[in-house]
Amino acid sequence: MSHLSVEELEKVAEAYEQLLVPALFEQWADRLADAAEIQPGERVLDVACGTGTLTRTVASRVGESGAVSGVDINPGMLAVARRHSPGVDWREASAEALPYDENQFDAVVSQFGLMLFSNPYTALREMKRVLKPGGHLAVAVFGSLDELPAYSIMASIFERLIDPGIANALRLPFSMGNADQLALLLYEAEIRDPVIVTHEGTAHFDSIRDMVLADVRGWFPFAGIELGESAIETVVREANKELAPFQNSHGGLEFKLPVHLITATKA
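Quick note on the working numbering: the sequence shown kicks off at 213 and runs consecutively.
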């Protein structure tokens, strides 16, 4: 976690909610809820819930007879999530030490968090621990950077023009794109008989500048990275040239978004 205050973290989380959620994340919430076979009346946990995109979808599925909990290590994310859905049990905790007893939940879901955990193995073990026998696990991770040329280009721009460390921060969310390595991690974490299915979504930003700002304002500060205006403008100028092939007729940016969806049932 970065050195930012809670108020500063909340400001970054608001940028994340406005710039990244509609562009990348929102489209997957229903797919994960379907994959976890969530039913009315169930108790469900969302791990690394962020601003609550998936959590809110899950809450609508379980209804008033069910219960939903959202866990995130980032207090800024949780502050934004609480404003949207005060009725959810939001808790600040790490995925590697979930604040629940074992066999508590009918389903555990996690959307685009596994790649960012300090110990993904321990996090998966924890998700399995809190699941009831017969409970469903559904986890989404992005495909590899090889399949996402727009982000590969952006990482290259940051590496060439600003700093290799920033490029690595941009590459991190795509670090679990190899399905074979993912399967090995699941095996080591004793997630039995997992199914990994690759789905294809569409990333959509209103402009190339919006794609740049989504990371600069809504992701990098969480990693302790702050960019000045001149650096941002340098990146945007280069991105305008190199990402032009991904622009639609309205100036928006669209490209394929491969996602691995992992499902498993606890024995």
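Here a beta-carbon is modelled for each residue, glycine too, at the ideal position from N, C-alpha and C.
*Leaving aside the five residues before and after Ala479 along the sequence, list all residues of the same chain whose C-beta is less than 7 Å from its C-beta, in chain order.*
Reading the sequence shown from its first residue, position 267 is the one you call residue 479. Once the five neighbours on either side are set aside, the close Cβ partners of Ala479 are Pro345, Arg404.
*Check whether the Cβ atoms of Gly389 and Ser356 sit closer than 8 Å, and answer yes or no.*
Position 177 of the sequence shown, counted from the first residue, corresponds to residue 389. Position 144 of the sequence shown, counted from the first residue, corresponds to residue 356. Taking 8 Å as the Cβ cut-off, Gly389 and Ser356 qualify as a contacting pair.
*Considering Phe317, what are the terminal residues of the beta strand (DSSP E) in which it resides?*
Residue mapping note: residue 317 aligns to position 105 of the sequence shown, counting from 1. Residues 317 to 323.
_Val283 versus Met423, Asn331, Glu308, residue with shortest Cα-Cα distance_ = Residue numbering aside, residue 283 sits at position 71 when the sequence shown is read from its first letter. For Val283, the closest C-alpha among the options Met423, Asn331, Glu308 is that of Glu308.
*Return the chain-ordered ranges of every beta strand (DSSP E) run that is complete within the region 296 to 381 and spans a minimum of 3 residues.*
301 to 304, 317 to 323, 343 to 354
*Contained beta strand (DSSP E) runs [length at least 3] in the region 374 to 461, N- to C-terminal order*: 407 to 417
*Ala426 and Leu231: beta carbons closer than 8 Å?*
Your numbering for residue 426 matches position 214 in the sequence shown. Your numbering for residue 231 matches position 19 in the sequence shown. In contact: Ala426 and Leu231 (Cβ atoms closer than 8 Å).
*In angstroms with no decimal places, state the Cα-to-Cα distance between Met213 and Glu450.*
Residue mapping note: residue 213 aligns to position 1 of the sequence shown, counting from 1. Residue mapping note: residue 450 aligns to position 238 of the sequence shown, counting from 1. Any reading at Met213 must be qualified, since the residue scores a pLDDT of 49, below 50, and its modelled position is unreliable; the value itself is stated next. Roughly 29 Å separates the two Cα atoms.
*What residue ranges within the region 239 to 295 form continuous beta strand (DSSP E) runs of no fewer than 3 residues, ordered along the chain?*
255 to 259, 279 to 284
_Buried or exposed by the 16-neighbour rule on C-beta atoms within 10 Å, applied to Tyr399_ = In the sequence shown, the residue the question calls residue 399 occupies position 187. Tyr399 comes out exposed.
*Count the other C-beta atoms from every protein chain shown that fall within 10 angstroms of the C-beta of Thr175, then say buried if there are 16 or more, exposed otherwise.*
Residue 175 cannot be examined here, being either before or after the span of the chain that is shown, 213 to 479.
*Nearest to Val320 (by Cα), restricted to the options Ala305, Pro311, Ala350*: Position 108 of the sequence shown, counted from the first residue, corresponds to residue 320. Looking at the Cα atoms, Ala350 is the closest of the given residues.
*Indicate whether Phe354 and Val471 have their beta-carbon atoms separated by less than 8 Å.*
Here residue 354 is taken as the residue at index 142 of the sequence shown, counted from 1. Here residue 471 is taken as the residue at index 259 of the sequence shown, counted from 1. Yes, the Cβ-Cβ distance between Phe354 and Val471 is below 8 Å.
*Where does Pro376 land, buried or exposed, given buried means 16+ other C-beta within 10 angstroms?*
Taking the first residue of the sequence shown as position 1, residue 376 is located at position 164. Pro376 is exposed by the Cβ-count criterion.
*Decide if Thr414 is buried, meaning its Cβ has at least 16 other Cβ atoms within 10 Å, or exposed.*
For this step, residue 414 is matched to residue 202 along the sequence shown. The residue in question, Thr414, is exposed, as its Cβ has fewer than 16 Cβ neighbours within 10 Å.
*If you count every other CB in all the chains shown that lies within 10 Å of the CB of Ser277, and 16 or more means buried, which is it?*
Numbered from 1 along the sequence shown, position 65 holds the residue referred to as residue 277. So Ser277 ends up on the exposed side.
*Can you check whether the CB of Val342 is closer than 8 Å to the CB of Leu290?*
Residue 290 sits at position 78 when you count from the first residue of the sequence shown. Residue 342 sits at position 130 when you count from the first residue of the sequence shown. No, these two residues do not count as a Cβ contact at 8 Å.
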